[in-house]
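> When we follow UniProt numbering, the leftmost residue of the sequence shown carries the number 1, and every step to the right adds one.
Glycine included, C-beta positions come from ideal geometry on N, C-alpha and C.
Can you keep this structure in mind? I'll have questions shortly.
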Amino acid sequence: MNKSFIEVDFPVKEVSEESTREKNIRHGHISTLHIWWARRPLASSRASIYAALMPEPRDEEERLKRAHFIANLSKWENSLNKSLIQRAREEILSASNGKPPRVLDPFAGGGAIPLEALRLGCETYASDLNPVAVLILKCTLEYPQKYGRKKVKSNDLFGEKEINPLLEDVKKWGNWVLEEARKEIGQFYPEEKDGSISVGYIWARTVKCQNPACGAEIPLVRQTWLARKDKKKVAYKVIPIGNRVEFEIREGDSIDFDPETGTVSRAKVICPCCGSGLNDKETRKQFQEGKAGQKMIAVVLHHPKRQGKSYRLATEKDLEIFGEAEKHLEKKGQELFDKWGFDPVPDEPLPPKETLGFRVQRYGMLKWGDLFNPRQKLALITFAEKVRQAYRKMLSEGLEEGYAKAVVSYLALGVDRLADFGSVLCVLNVTGGRGVVHTFGRQALPMAWDYIESNPFNPVAAGWPTACEKNEKWIQHASQTAYTPAIVTQSSATSLPYGDNFFDAVITDPPYYDNVPYSYLSDFFYVWLKRTIGDLYPELFATPLTPKTEEIVAYSYGEGGFESGKKFFEEMIAKAFREIQRVLKPNGITCTVFAHKSTEAWETIINALLNSGLYLTASWPVHTEMKARLRASESAALASSIYMVCCKRTEKKTAYFNEIKPQIEVRIKEKLDQFWNEGIGGSDFFISAIGPAMEVFGKYEGVEKLSGEKVSAKELLEYIRKSVSEYALTKILKSPQLGGIDEETRFYLLWRWTYNSAKVHFDDARKLAQAVGVEITEQWGNGFIKKEKEFISVLSAKERGRSFLEKQKFESMIDILHACLLFWEQNNRKAISELLEETGNLNNNAFWQVAQTISEVLPDGDKEKQMLQGFLYGKENYGKTGARVDQYQMILFEKG
1 MNKSFIEVDF
11 PVKEVSEEST
21 REKNIRHGHI
31 STLHIWWARR
41 PLASSRASIY
51 AALMPEPRDE
61 EERLKRAHFI
71 ANLSKWENSL
81 NKSLIQRARE
91 EILSASNGKP
101 PRVLDPFAGG
111 GAIPLEALRL
121 GCETYASDLN
131 PVAVLILKCT
141 LEYPQKYGRK
151 KVKSNDLFGE
161 KEINPLLEDV
171 KKWGNWVLEE
181 ARKEIGQFYP
191 EEKDGSISVG
201 YIWARTVKCQ
211 NPACGAEIPL
221 VRQTWLARKD
231 KKKVAYKVIP
241 IGNRVEFEIR
251 EGDSIDFDPE
261 TGTVSRAKVI
271 CPCCGSGLND
281 KETRKQFQEG
291 KAGQKMIAVV
301 LHHPKRQGKS
311 YRLATEKDLE
321 IFGEAEKHLE
331 KKGQELFDKW
341 GFDPVPDEPL
351 PPKETLGFRV
361 QRYGMLKWGD
371 LFNPRQKLAL
381 ITFAEKVRQA
391 YRKMLSEGLE
401 EGYAKAVVSY
411 LALGVDRLAD
421 FGSVLCVLNV
431 TGGRGVVHTF
441 GRQALPMAWD
451 YIESNPFNPV
461 AAGWPTACEK
471 NEKWIQHASQ
481 TAYTPAIVTQ
491 SSATSLPYGD
501 NFFDAVITDP
511 PYYDNVPYSY
521 LSDFFYVWLK
531 RTIGDLYPEL
541 FATPLTPKTE
551 EIVAYSYGEG
561 GFESGKKFFE
571 EMIAKAFREI
581 QRVLKPNGIT
591 CTVFAHKSTE
601 AWETIINALL
611 NSGLYLTASW
621 PVHTEMKARL
631 RASESAALAS
641 SIYMVCCKRT
651 EKKTAYFNEI
661 KPQIEVRIKE
671 KLDQFWNEGI
681 GGSDFFISAI
691 GPAMEVFGKY
701 EGVEKLSGEK
711 VSAKELLEYI
721 RKSVSEYALT
731 KILKSPQLGG
741 IDEETRFYLL
751 WRWTYNSAKV
761 HFDDARKLAQ
771 AVGVEITEQW
781 GNGFIKKEKE
791 FISVLSAKER
801 GRSFLEKQKF
811 ESMIDILHAC
821 LLFWEQNNRK
831 AISELLEETG
841 NLNNNAFWQV
851 AQTISEVLPD
861 GDKEKQMLQG
871 FLYGKENYGK
881 TGARVDQYQM
891 ILFEKG
C-alpha cells in the first residue's frame, strides 16, 4: 500500500513553533468568534491535513522540499496567501486523481480541523454531538462560505464597490441591536459629567465578621490593584473605621501598603476591623444560607479623547442607579416571561458540585442565572430580546429566511460574548488589555471573590461593540477560505450517518479522557443561545441543557463514580474508532490528535485503537501550548499533542512479544533521536514514544506472550516507559554508562527532567519509579519522595531540611548530594569534604556528572540550581585542608 507523506516525515519543530505562536493571534482568528475548549491550532491542523493527503516523497530532495512547503503553509500570515493555498489545493487534487478528497471530523468541536480541510479544497464534513459546537461550526464552515463570498456591487458617493453582504448585514444589524438596547437600558450606565464612560464597576462579595464585638461587613478581596503597569500603578486601600470598612484610591508613590494582600485566600477570611478570622467552612456557610452580600467599591472610566483609564470610588448615586436597574429587571423579566413562555433569566440547574473544575456551587450558586448580578441579567435578556426582534425585522424588510437566520446567529454569538465577559466570575485585568478577564480564563468555573461588572455599551472594553467587531473580522477571514460550505451535522461519533468506505480521510481531535467537561461548560452558553435563537434551531435547542448521556468523557457522578466513567469512556471511544474504521476507505488515512499526561488515559486510547481495526503507522508530537500557559508551572501538563496516523488493518496476523521487542526498541530509538533533536522533552518525551512502539505493535491483530496470553496495553506501556527511561538518562547524562548510578538517583534525575517541581498523580509517579527499579512507597516519610493525598512530589535538598542532615548514613548518591548542598548553604566545607571522602565520591566522575546534570535540567531561578552551581564551583577545594572558601562560592551563598 502506498504511504502518505505524514507517515514518513513531518516538520515537527517548525509546525510546533507556528502552533504556539498562533495562541497570540487575535484579529480574524477562529478563537475570536466564540470560545471552545482545547481547540486545535490552525497551523498544526492545516499542516497535518495537507501532509496526510500527499503521497510519500520519491527521494530525499522531494522530502526536504515538501517539508519546507508544509512549514511555510502552516504560518498564520499564509492562511489567506492565494498562491500558496492554491498550490496546496492543486497538489491535493492531483494526488486524489482530480477529485476533491472527502474529509470528516466527527469530533469537530470548535471547527479548526474542518476549517483547514475546507481551506485546502477538500469536500468537508463536520459533526459534533454538542449543539453549541454545531452552531459554532455553522458560523465557521457554512454561513461565511455560503453567504459571504458573493460580491455585490453597490452605488455610493465614490461609484461602485464590491462588498461582502454577510459582513455588511452583521455590522448593520449589530448596530441596530446596540441602539435599541441603549434606548431601553442605556440610562443604567450613565456617562460622567466630563464625558467619561464607565468601562466597568468593581464589586466585592461580603460576609459578616463572626466576632460579636465587631460584626463588620467584610469585603472579600484577593488583592486591591486597579492598575499595575510599569508607568501606572493604582490601588485602593481598605481602611477600617471602627466596625465598618471604607476605601481610598491611591496612585504611584502614595501607595503605602501592599496591594497584593487582600482579606480572603482560599475561602479563609481575615476581618480588617478586628483581625478575627473565618475558616473556609464558615465562609461557605454564609453564602449557602444567603447571608453573604456584595458591595460596589470603584468605577473604572475611560474618556474618548484621552488615553488610558481613570478610577473613582463608587458613590450612593451609583448604588441608586444599580437599584433602579434591579427594579427594571423584575418588570422586564415578567414581561418576557409572559411573551416567551419561559424565564428569560436562565433557571436551569448548574452541574453537580463535584463536576471537574466547578467550584461555585459551594457558595450557593445553583442555577446558571446565579452567575450574573441583576444589572448583568437585565443587560443580557435585553440584548437577547433585541436579537430576536432583529430577526423579525429582517424578514419584514424582505431578507430571505435562511440568510436572516445566518445573520442573527452571529448576533446570538455576540450575546454569548457579553455573557462570557459579563458574569460575576470576571475579574479585573490590572495589567492592561480590555480590562476584563472573561469567565472562561480557564476551562472551569472557580469562585471569584471580587469581580468587575462590564458596561455592555462601552466601545473600548468587553462590550457589545467589541463582540460585533470580533464577528466582523472573523466573517471577513472565513469568507475567503473556500468556495463551497462544509456539510455540518449534529451526530454522535459512535453512530455516524454515512455509508461504509465513504471517506478518504478522517482527521479528528477526540475528547481527552477527563480533561474537559465540554457539555457542562457549554451549558453556560447553551442557556443563553436557547433564549436568543432557540426557536430558529428547534433541533439543536429542544432539551433543557446539552446532551450528556452520549458524551464521550471519563467522568461520572452517578452510581459507580469515576471507575464507571472510565469504563464508559473506553467503551464509547472504542465505538467511535470502529465507526471511523467503517466509514474510511480501504486505502484511506486517519489522523487522531490526543493529549493527556496520564498513562491510564493512554491505555484506554491504545486499547480502543487495537480493537478498532485501525493500526498506527506514524505519530508526531507537536507543541500546541504556550510555555507560560496557566497551569504549566504547577502541574505536569503536556505542552505537546500527539498526532497519531492510522490506516485500516488489511490482514490478520499474530506475533509473539519477545520476537517483536527488538523491532520496537529500534523504532523507539530511531524516533526518540529525532524527537530529542527537535527539542521535545520532559513528560512530552515519554508520551511521544508511545506512537513509535505502536507502529510495530499495532501491525498485528494480537500480540501474545509465549504462554499464549495476550499482551495488554498496560504491559506495552510499562515496556515503553522502561526503554524511554534508559534512553533519556543516557542522553541527559551524556553517557551510555549508567552502572555507577543507583536507582534512587536515576529516579530523582529523571523526575526533575520530566516534571521539575510538579505534583504528579500517584499512579503515574509509581510507574516512572518502577521503570528504574524504585519502589516509591519505601521512600516517603524518610526519603526524598512526598505523598499528599493522591499526589506525589519529589523534595529538593532545601525542602528536606536540616533534620535530613541528622541521618547517620547517606546511602544513595542523591542523599549524599543533597547533604552536600545543605552543608554548602551552611558554608561548612569541612563537612562536605569529609562526607565526599567517606562515601568515595570525592573523585567519582559519576557523582559530579549527576550533580552537573541536575543543575542543567533545572530551570533558571530554581533554588536548588543556584545551590548546585555554588557547590560545583568549589569542587577543586573539597578535600584540601585549610583551603579558603572560594569568593564566588561565597557570593552565591550570600545571594541564596
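Is the beta carbon of L129 sitting closer than 8 angstroms to the one on Q674?
No.
> Thinking S519 and E551 are a contact (beta carbons under 8 angstroms), I'd like their distance in whole angstroms, please.
Contact holds; Cβ gap of about 5 angstroms.
> Considering only residues of the region 473-549, which uninterrupted alpha helix (DSSP H) runs meet the minimum length of 4 residues and lie entirely inside it, listed in chain order?
With a minimum length of 4 residues, the continuous alpha helix (DSSP H) runs that stay inside the region 473-549 are 518-533.
> Report the residue from S79, F804, P517 and W474 whose alpha carbon sits nearest the alpha carbon of P352.
Nearest C-alpha to P352: P517.
> If you draw a straight line from the alpha carbon of L445 to that of F358, how long is it in whole angstroms?
Those two C-alpha atoms are separated by around 5 angstroms.
> Could you give the uninterrupted runs of the beta strand (DSSP E) lying entirely in the region 151-199, keeping only those of 3 residues or more?
Counting whole runs of 3 or more residues, the region 151-199 contains the beta strand (DSSP E) stretches 152-156 and 159-163.
> With N164 and I475 assumed to form a contact (beta carbons below 8 angstroms), what rounded beta-carbon distance in angstroms separates them?
Yes, N164 and I475 are in contact; Cβ-Cβ is about 7 angstroms, under 8 angstroms.
> Given E251, which residues of its chain have a CB within under 6 angstroms of its CB, disregarding the five upstream and five downstream residues?
So the qualifying residues of the chain are V234.
> Please classify Y615 as buried or exposed, where buried requires at least 16 other C-beta atoms within 10 Å of its C-beta.
It counts as buried.
> Would you report the Cα separation of G111 and T124, rounded to the nearest angstrom?
If you take the alpha carbons of G111 and T124, they lie about 11 angstroms apart.
> My assumption, with CB atoms under 8 angstroms, is that V527 sits in contact with E348. Please give the rounded CB distance.
So it is a contact: roughly 5 angstroms between Cβ atoms.
> Between T494 and K566, how many whole angstroms is the CB-CB distance? I'm expecting something under 8 angstroms.
Going by Cβ atoms, the distance from T494 to K566 rounds to 17 angstroms, so no, they are not a contact pair.
> Tell me the DSSP bridge mates of P662?
Beta-bridge pairing links P662 to no other residue.
> Starting from the Cα of S83, find the closest Cα among S707, T481 and D194 and give me that residue.
Taking only the C-alpha atoms, the option nearest S83 is T481.
> Under 8 angstroms, do F257 and G364 count as touching if we go by C-beta distance?
Not in contact: F257 and G364 (Cβ atoms no closer than 8 angstroms).
> Considering only their Cβ atoms, is the gap separating L366 from L356 smaller than 8 angstroms?
It is not a contact, given that the beta carbons lie outside the stated cut-off.
> Below 7 angstroms CB to CB, which residues in the same chain sit around F569 once its five sequence neighbours on both sides are set aside?
Y513, I552, V553, A554 and T604.
> Can you tell me which of the three DSSP states G840 falls into?
Three-state DSSP puts G840 in coil, outside helix and strand.
> To the nearest angstrom, how far is it from the Cα of Q852 to the Cα of T745?
Their backbone Cα atoms lie some 13 angstroms apart in a straight line.
> How many angstroms separate the CA atom of E217 from the CA atom of G293?
The straight-line gap from Cα to Cα measures roughly 9 angstroms.
> Once the 5 residues before and after K627 are set aside, which same chain residues still bring their CB inside 6 angstroms of it?
With a pLDDT of 48 at K627, under the threshold of 50, the modelled position of this residue cannot be trusted, and the question is left open.
> Using CA coordinates, which residue listed in E838, G121 and G174 is at the minimum distance from V407?
Here the closest residue by C-alpha is G174.
> Nearest by alpha-carbon distance to A325: which of L371, Q376 and H302 is it?
When only C-alpha atoms are compared, the closest one is Q376.
> Does the Cβ-Cβ distance between I589 and V645 come in under 8 angstroms?
Yes, they are a contact pair.
> List, from N- to C-terminal side, the alpha helix (DSSP H) runs of 4 residues or more that fit wholly inside the region 763-824.
Listed in chain order, the complete alpha helix (DSSP H) runs (minimum 4 residues) inside the region 763-824 are 797-800.
> Determine the closest residue to E330 out of E320, L319 and D343, with distance taken between C-alpha atoms.
E330 has its Cα closest to that of D343, out of E320, L319 and D343.
> By the three-class DSSP mapping on this structure, what secondary structure does C271 have?
Three-state result, C271: coil.
> Is DSSP giving I720 helix, strand or coil here?
I720 falls in the helix class under three-state DSSP.
> Name the DSSP bridge partner or partners of V436?
Note: V436 sits in a beta bridge opposite L428.
> If you follow the beta strand (DSSP E) that T617 is in, where does it begin and where does it stop?
Here the beta strand (DSSP E) through T617 covers L614 to H623.
> Apart from the five residues on each side of it in sequence, which residues of its chain come closer than 7 angstroms, Cβ to Cβ, to A67?
D9 and P11.
> Can you tell which of V703, W225, G148 and F503 has the C-alpha that lies nearest to the C-alpha of S310?
Measuring from the Cα of S310, the nearest candidate turns out to be W225.
> Leaving aside the five residues before and after S196 along the sequence, list all residues of the same chain whose C-beta is less than 6 angstroms from its C-beta, in chain order.
Taken in chain order, the residues that qualify are L301 and H303.
> If I measure Cβ to Cβ from F421 and keep anything under 7 angstroms in the same chain, skipping five residues before and after, which residues do I get?
Hits under 7 angstroms: V436, H438, S454 and A462.
> On the three-state DSSP scale, how would you describe A213?
Correct three-state label for A213: coil.
> How close, in whole Å, do the beta carbons of E282 and Q361 come, if the pair is a contact with beta carbons under 8 angstroms?
About 18 angstroms separates the two Cβ atoms, so there is no contact after all.
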